[in-house]
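2 protein chains.
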Amino acid sequence: MRIVVALGGNALLKRGEPMNAQVQRANVRIAAQALAPIAKSHQLVISHGNGPQVGLLALQGAAYEAVEAYPLDVLGAETEGMIGYMIEQELGNLLPFDVPFATLLTMVEVSADDPGFKNPTKFVGPIYEKPEADRIAAEKGWIFKADGAKWRRVVPSPIPKRIFEIRPVKWLLEQGTIVICAGGGGIPTMYEPGAERKLAGVEAVIDKDYCSALLARELDADLLVMLTDADAVYADWGKPTQRPIRSTSPDALAGISFAAGSMGPKVDAACRFAAATGKPAAIGALADLNRIVAGEAEM
Amino acid sequence: MRIVVALGGNALLKRGEPMNAQVQRANVRIAAQALAPIAKSHQLVISHGNGPQVGLLALQGAAYEAVEAYPLDVLGAETEGMIGYMIEQELGNLLPFDVPFATLLTMVEVSADDPGFKNPTKFVGPIYEKPEADRIAAEKGWIFKADGAKWRRVVPSPIPKRIFEIRPVKWLLEQGTIVICAGGGGIPTMYEPGAERKLAGVEAVIDKDYCSALLARELDADLLVMLTDADAVYADWGKPTQRPIRSTSPDALAGISFAAGSMGPKVDAACRFAAATGKPAAIGALADLNRIVAGEAEM
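Protein sequences appear in the order of chains E and G. The first sequence begins at 1 in our numbering and counts up by one. The second sequence begins at 1 in our numbering and counts up by one.
Laid out in structure tokens, this is it:
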């Protein structure tokens, strides 16, 4: 089978843990141990989130005032390098030496008329007191929203339309390469209006599950797995009638609503992939990955 | 022809310029304009330096004290993402849409018994006053040397032995892909002693010209071009007998010594490639790239 596995950014730098390199590497190692058995008998493509990592780079950039902080597209590219490196190295250490690996920088096209640009919702970077947030908003044109008692920058989260490097990913898979790509949902880019149609980075963050679903579709993957902290998707989460959904279809899910911030995009991405391809998509915990691939714990 | 072009890290962030994203992008654009005509009629592999970029990330990391600064291998991986992204996007904007691009994360093996580890010489990161340098040296085991009146960390610059992702680079070239790889000389890695032979990052910096020469040799490249600020390599630099070397051979160069920090590694890398392959290597300015490739301004 050709399998796309999406790792959560929070699985690599967990909330509350110190955000240093050793902790991140230890978490990557745990993920690699779950991925290694899959890589031995399937074609494997790995994507990953980058929320905490972009957050850290934004904090570091803001702390060094001598140089203006880098924009989100560049920070995203940096995290594709950082996280991709750790995954490639740790997974490589668990597999035979001759298994080829490639971590590919991934640019993704988004549309200027995406509704996400009208209503930015994704928190990024440091938290500020109101006056400081107002000052930065006036200076840089950033939009801030309340995050608890403090203020934090919000950016749009547009739908991914096209993965530019999809052909190299395919060619490498055909050679038996384990490919790491589409990190952080890909680097958001857009064609600037005008005759020359120049591609440029955008101040936005693409949902990595939506991007992974697009990736899986474009690669004709047999299975899309989105890994998360939860052991299952639950209907009626938090209510007395709460129950795990073990197996379902896009049609059956259409009547159920999920939280926008957490499980919603995953369920939506799974439905998009399943509806477009007729192939299964699964949402589950890292510890269940091998059972999911074996079809024993499918969403 | 299959051509490996190595861009200097200083060509992308010049000494004295503000180190922000706009300036770096403007410099990448200038490089892309020189590379585009070559890409149209040759197989092109682009490598690049990352000195100023790693320096900036190290400064930003040191400024944000809440999280321990990331090690050099991870910073190197981040710069491969950052710089590779800008090159891929800017060069892509100058070429037909259907030209495939791939920016590959590149890990390079170095040897534990490399003499570079006994005598670290490469300056990285912020400058410190002596007491602060002594404190950090005691805390982290870093080695500091005097850089003018201040103190700065030095790290080893070992010789690159193996490029792990060389097969993916070859496969992508065979499909007509423009490949960006081996950024910053590659991420320095080493096999940890012990039965398991785990690969791990190393606190070191690999010379990007040595790595580019290894890359060109492994790819059976027809030409290696190392771009720099100088218009030529000079014999007797700074003396009344100073003269540009227009064309030469490793044997003829053996009797001439070049400065260790600047031109020496480039000349050495060129000689290694030429001696091993019988193919030409050139050192020159970005503005002369097209004449170099046409054979009119060859080293």
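Where a beta carbon is used, it is the ideal one built from N, C-alpha and C, also for glycine. Keep in mind it's a predicted model, so treat the numbers as computed, not measured.
- Remark: fewer than three beta-carbon pairs, one from each stretch, lie closer than 8 Å, so the region 49-66 of chain E and the region 36-45 of chain G are not flagged as touching.
- Inclusion of E:Gly186 and E:Met107 in the CB contact set at 8 Å is warranted, their separation being smaller than that value.
- With distances taken between CA atoms, G:Ala232 lies nearest to G:Gly284 out of G:Gly284, G:Glu129, G:Phe123.
- Buried is the label assigned to G:Ala77, since at least 16 other Cβ atoms lie within 10 Å of its Cβ.
- In this structure G:Ala62 touches G:Gly125 by the C-beta definition: roughly 7 Å separates them, less than 8 Å.
- Of all alpha-carbon atoms in E:Leu223, E:Pro18, E:Gly201, the one lying nearest the alpha-carbon of E:Leu289 is that of E:Leu223.
- Annotated three-state conformation of E:Lys140 is helix, per DSSP.
- Excluding its 5 nearest sequence neighbours in each direction, E:Val155 has C-beta neighbours in its own chain below 6 Å: Pro120, Lys122, Val124, Glu203, Ala204, Val205, listed in chain order.
- When DSSP states are grouped into helix, strand and coil, G:Leu95 belongs to the coil group.
- The residues Cys271, Ala274, Ala275, in chain order, have a CB closer than 7 Å to that of G:Pro250 in the same chain once the five nearest residues on each side in sequence are set aside.
- Proximity to E:Leu173 across E:Glu218, E:Glu129, E:Glu132 peaks at E:Glu218, based on C-alpha coordinates.
- For E:Pro100, the chain G residues whose Cβ falls inside 7 Å of its Cβ are Arg167, Pro168, in order along the chain.
- For the C-beta of E:Pro18, the chain G residues within less than 8 Å are, from N- to C-terminus, Val67, Glu68.
- Annotation for E:Trp151: no alpha helix (DSSP H) segment contains it, though the beta strand (DSSP E) segment containing it runs 150-155.
- Here the alpha carbon of G:Ala281 sits roughly 13 Å from the alpha carbon of G:Thr228.
- Boundaries of the alpha helix (DSSP H) around G:Val28: 21-41.
- The C-beta of G:Glu109 comes no closer than 8 Å to any C-beta of chain E.
- Residue environment analysis places G:Lys208 among the buried positions, since at least 16 neighbouring C-beta atoms fall within 10 angstroms of its C-beta.
- Any Cβ of chain E closer than 8 Å to the Cβ of G:Trp142 would place that residue at the interface, and such an atom is absent.
- With contacts defined by Cβ atoms closer than 8 Å, E:Leu286 and E:Ile178 do not form a contacting pair.
- Contact between E:Leu105 and G:Thr103 holds: their C-beta atoms lie close to 4 Å from each other, under 8 Å.
- DSSP, read as helix, strand or coil, puts G:Tyr64 in coil.
- Along the region 79-92 of chain G, the positions whose C-beta sits under 8 Å from a C-beta of chain E are Thr79, Glu80, Gly81, Met82, Gly84, Tyr85, Met86, Glu88, Gln89, Gly92, read in chain order.
- Sixteen is the threshold: since fewer than 16 other Cβ atoms of the shown chains lie within 10 Å of the Cβ of G:Thr241, the residue is exposed.
- In the DSSP assignment, G:Ala287 falls outside any beta strand (DSSP E) and carries neither an H nor an E.
- Against chain G, the CB of E:Lys150 has no partner CB under 8 Å away; the residue lies outside that interface.
- Contact with chain E is found for G:Gly61, since one of that chain's Cβ atoms lies less than 8 Å from the residue's Cβ.
- Along the region 16-50 of chain G, going in chain order, the ones with a CB nearer than 9 Å to a CB of chain E are Pro18, Met19, Asn20, Ala21, Gln22, Gln24, Arg25.
- Taking a contact to require three or more Cβ pairs closer than 8 Å, the region 80-96 of chain E and the region 72-88 of chain G qualify as touching.
- Interface flag for E:Val74 against chain G is set, since a Cβ pair is found closer than 8 Å.
- Interface annotation, E:Ile136: not in contact with chain G, CB-CB separation never under 8 Å.
- Contacts with chain G (Cβ-Cβ distance below 9 Å) from the region 180-195 of chain E involve Ile180, Gly183, Ile187, Thr189, listed in chain order.
- Distance from the Cα of E:Ser257 is smallest, within the candidate group E:Arg25, E:Val110, E:Ala235, for E:Ala235.
- For E:Trp237, the nearest beta carbon of chain G is not closer than 8 Å to its own beta carbon.
- When DSSP reads this structure, G:Tyr128 sits in a beta bridge with G:Trp151.
- Excluding five sequence positions before and after G:Pro168, the CB atoms of its chain that fall closer than 7 Å to its own CB belong to Leu104, given in chain order.
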